[in-house]
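Residue numbers (the numbering used here): 13 to 420.
A short worksheet on the structure shown next.
Laid out in structure tokens, this is it:
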């Protein structure tokens, strides 16, 4: 692997405004009959994944892709089991001894121990998440709630322009939709309220009783309020780049927020941004497609690639100082990769060129988190850019173009 000497510019800005009171509401439409009745289903505590859990593509509802109790293979792994799917895997979640697999057309649940199939539904999903016995899927048609044990549909909310993984708390499901944030009734999927935003792309985290909502122009902190519209506590403007940066799920750890994103233009790359709940913003250009970063002790680990290139030949992986965003180390791997999942001092990530050709293969990499050195790499059955994966117990559960595989 060759070190990269590009993208060395650095900028720092402090830009924050505290906003009191309620955010703006979008009237009419399918919000005309809002359901603010208390829900029977009420998730009152945001769960933290255990060693055998990975609730969504970014592990936790705070998008913490660091699994402190998992011990996946540090040396070259072998296959424990595999299960084929009719379409490429786009999302993985693990809970209650099951692996939930989302493709464009289906959601499949398999046993974590041996990969045996338990159920399948045609409620396709680009992304999915699991919480308290329910599996949420997000597709182009809207949001669907499934019984996580049986796969039975409980409700579907149909709308377009749905953002990344929904989150649920205290009877309300929070969904980025259109150019706003919508709350849905946890029992029925009926709208409760809508908060007006800016831009059609939003991504969420929930941490310490706060909804973190990242859009193209700002990171907003909202107080959780159950059936009532959330109160906006503060807003951190995301300035300094001429191109629009489509957000990815923000990683939240204590008072630190780490952002990536996808640049919609050609201005030198999307930034890695490090925010403080006090309003400070540190930012530096990185790659055009930057995955959700990992916050590990005093470091920020980031991975990204140039998604404007037809070749998509490599990704940059880097470690930055958590206080200053100065570079600790930087290296490249020869595939477009997903978010840097971390466990036991090792970074796991992989992917392949997003082509329709079945003959293409991909790769999975394990890097030393302290130095960036390659520990091992393994050929995979390819995918559409970054591989979805989960680090659970002593295994890596990996999604590919052909299906899902558990490595040990």
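Where is the CB? At the ideal position from N, CA and C, for every residue including glycine.
Source: prediction; values computed, not measured.
Item to check | Collapsed DSSP secondary structure at residue 58 in the structure displayed | outcome: For the purposes of this step, residue 58 is taken as the residue at position 46 of the chain shown. Note: residue 58 maps to coil in three-state DSSP.
Item to check | Proximity below 8 Å, CB of residue 78 to CB of residue 257 | outcome: Translated into the one-based positions of the chain shown, residue 78 becomes position 66. Translated into the one-based positions of the chain shown, residue 257 becomes position 245. Against a cut-off of 8 Å, the Cβ pair of residue 257 and residue 78 comes out as no contact.
Checklist entry - Out of curiosity, what's the CA-to-CA distance linking residue 415 and residue 246? => result The count along the chain shown starts at 1 and reaches residue 415 at position 403. The count along the chain shown starts at 1 and reaches residue 246 at position 234. Straight-line Cα distance between these residues: approximately 42 Å.
Checklist entry - What's the gap between the Cα of residue 76 and the Cα of residue 401? => result Along the chain shown, read from residue 1 onward, the residue named residue 76 stands at position 64. Along the chain shown, read from residue 1 onward, the residue named residue 401 stands at position 389. C-alpha separation (whole angstroms): 14 Å.
Checklist entry - Is DSSP giving residue 197 helix, strand or coil here? => result Counted from its first residue, the chain shown places residue 197 at position 185. Strand, per DSSP.
Next on the checklist: Tell me the rounded alpha-carbon separation between residue 359 and residue 338.
Outcome noted: What you label residue 359 is simply residue 347 of the chain shown in a count that begins at 1. What you label residue 338 is simply residue 326 of the chain shown in a count that begins at 1. So the two alpha carbons sit approximately 19 Å from each other.
Checklist entry - Any idea if residue 145 is buried or exposed, counting beta-carbon neighbours within 10 angstroms, 16 or more meaning buried? => result Position 133 of the chain shown, counted from the first residue, corresponds to residue 145. With fewer than 16 Cβ atoms within 10 Å of its Cβ, residue 145 is classed as exposed.
Next on the checklist: Within 8 Å, do at least three Cβ pairs link the stretch 164-171 to the stretch 187-200?
Outcome noted: yes
Item to check | Alpha carbon of residue 399 to alpha carbon of residue 60, nearest angstrom | outcome: Locating residue 399 in the chain shown gives position 387, counting from the first residue. Locating residue 60 in the chain shown gives position 48, counting from the first residue. In a straight line, the C-alpha of residue 399 is about 23 Å away from that of residue 60.
Item to check | Selection from 226, 413, 243 that minimises the alpha carbon distance to residue 271 | outcome: Position 259 of the chain shown, counted from the first residue, corresponds to residue 271. The shortest Cα separation from residue 271 among 226, 413, 243 belongs to 226.
Item to check | Outcome for residue 386 when other beta-carbon atoms lying within 10 angstroms are tallied against a minimum of 16 | outcome: If you number the chain shown from 1, residue 386 lands on position 374. It counts as exposed.
Item to check | Given residue 150 as reference, the closest of 192, 233, 292, 138 once Cα atoms are compared | outcome: Taking the chain shown and counting its residues from 1, one reaches residue 150 at position 138. The shortest C-alpha separation from residue 150 is found at 138.
Item to check | Same chain, Cβ closer than 8 Å to residue 174, five either side skipped, listed in chain order | outcome: Numbered from 1 along the chain shown, position 162 holds the residue referred to as residue 174. 150, 151, 152, 154, 155, 187, 188, 189.
Item to check | the stretch 176-186 contacting the stretch 121-128, beta-carbon criterion three pairs below 8 Å | outcome: no
Checklist entry - Nearest-angstrom Cα distance between residue 240 and residue 192? => result On the chain shown, position 228 is the one that residue 240 refers to. On the chain shown, position 180 is the one that residue 192 refers to. Between residue 240 and residue 192, the C-alpha separation is close to 16 Å.
Item to check | Length-filtered (3 minimum) beta strand (DSSP E) runs lying within the stretch 160-191 | outcome: 165-170, 179-181, 184-189
Checklist entry - For residue 394 versus residue 411, is the C-beta distance shorter than 8 Å? => result As a first step, residue 394 must be located in the chain shown, where it is residue number 382. As a first step, residue 411 must be located in the chain shown, where it is residue number 399. No.
Checklist entry - Just how far apart, CA to CA, sit residue 120 and residue 104? => result Translated into the one-based positions of the chain shown, residue 120 becomes position 108. Translated into the one-based positions of the chain shown, residue 104 becomes position 92. Looking at the two C-alpha atoms, the distance is approximately 10 Å.
Checklist entry - Is any heavy atom in the ligand ADP found nearer than 7 Å to the beta carbon of residue 382? => result Ligands are entirely absent from the displayed structure, and the ligand ADP is therefore not among its contents.
Checklist entry - Which residues in the same chain have their Cβ closer than 8 Å to the Cβ of residue 102, if we skip the five residues on either side of it in sequence? => result One-based indexing of the chain shown puts residue 102 at position 90. Once the five neighbours on either side are set aside, the close Cβ partners of residue 102 are 114, 115, 116, 137, 138, 139, 396, 400, 411.
Item to check | The beta strand (DSSP E) enclosing residue 131, as first and last residue numbers | outcome: In the chain shown, residue 131 corresponds to position 119, counting from 1. Counting along the chain, the beta strand (DSSP E) containing residue 131 begins and ends at 129-133.
Checklist entry - Got a sec? Which residues, its chain only, sit under 7 Å from residue 205 by beta carbon, not counting five neighbours each side? => result Residue mapping note: residue 205 aligns to position 193 of the chain shown, counting from 1. Answer for residue 205: 37, 46, 195, 241, listed in chain order.
Next on the checklist: Nearest by alpha-carbon distance to residue 330: which of 389, 305, 230 is it?
Outcome noted: Walking along the chain shown from the start, residue 330 turns up at place 318. Considering only alpha carbons, the answer is 305.
Next on the checklist: Going by the DSSP bridge assignment, what does residue 73 pair with across the sheet?
Outcome noted: For the purposes of this step, residue 73 is taken as residue 61 along the chain shown, with counting starting at 1. DSSP lists no partner for residue 73.
Item to check | C-beta atoms of residue 405 and residue 96 nearer than 8 Å | outcome: Numbered from 1 along the chain shown, position 393 holds the residue referred to as residue 405. Numbered from 1 along the chain shown, position 84 holds the residue referred to as residue 96. No.
Item to check | Rounded C-alpha distance that separates residue 142 from residue 418 | outcome: The sequence position of residue 142 within the chain shown is 130, counting from 1. The sequence position of residue 418 within the chain shown is 406, counting from 1. Those two C-alpha atoms are separated by around 19 Å.
Next on the checklist: Given this structure, state the Cα-to-Cα distance separating residue 381 from residue 388, to the nearest angstrom.
Outcome noted: Sequence index remark: in the chain shown, residue 381 carries index 369 (1-based). Sequence index remark: in the chain shown, residue 388 carries index 376 (1-based). About 13 Å.
Next on the checklist: Using C-beta distances below 6 Å, list every residue in its chain close to residue 390, excluding the 5 sequence neighbours before and after it, in chain order.
Outcome noted: Taking the chain shown and counting its residues from 1, one reaches residue 390 at position 378. Once the five neighbours on either side are set aside, the close Cβ partners of residue 390 are 376.
Checklist entry - Does DSSP put residue 141 in a helix, in a strand, or in coil? => result Within the chain shown, the letter at position 129 stands for residue 141. Of the three classes helix, strand and coil, the one that applies to residue 141 here is strand, per DSSP.
Checklist entry - So what does DSSP say about residue 431, is it helix, strand or coil? => result This structure does not reach residue 431, given that the chain is present from 13 up to 420, and the question cannot be answered.
Checklist entry - Measuring CA to CA, which of 89, 163, 80 is closest to residue 118? => result Along the chain shown, read from residue 1 onward, the residue named residue 118 stands at position 106. When each option's Cα is compared against that of residue 118, the closest is 163.
Item to check | Collapsed DSSP secondary structure at residue 229 in the structure displayed | outcome: Against the chain shown, residue 229 aligns to sequence position 217. Reduced to three states, the DSSP call for residue 229 is coil.
Checklist entry - According to DSSP, which residues form a beta bridge with residue 373? => result Working through the chain shown from its first residue, we reach residue 373 at position 361. Beta-bridge pairing links residue 373 to no other residue.
Next on the checklist: Between which residues of its own chain and residue 413 is the CB-CB distance below 6 Å, once the five residues before and five after are set aside?
Outcome noted: Counted from its first residue, the chain shown places residue 413 at position 401. Counting only Cβ-Cβ distances below 6 Å, and skipping sequence neighbours, we find 100, 393, 394, 395.
Item to check | Simplified DSSP state of residue 389, which is helix, strand or coil | outcome: As a working mapping, residue 389 is identified with position 377 in the chain shown. Residue state, collapsed to three classes: strand.
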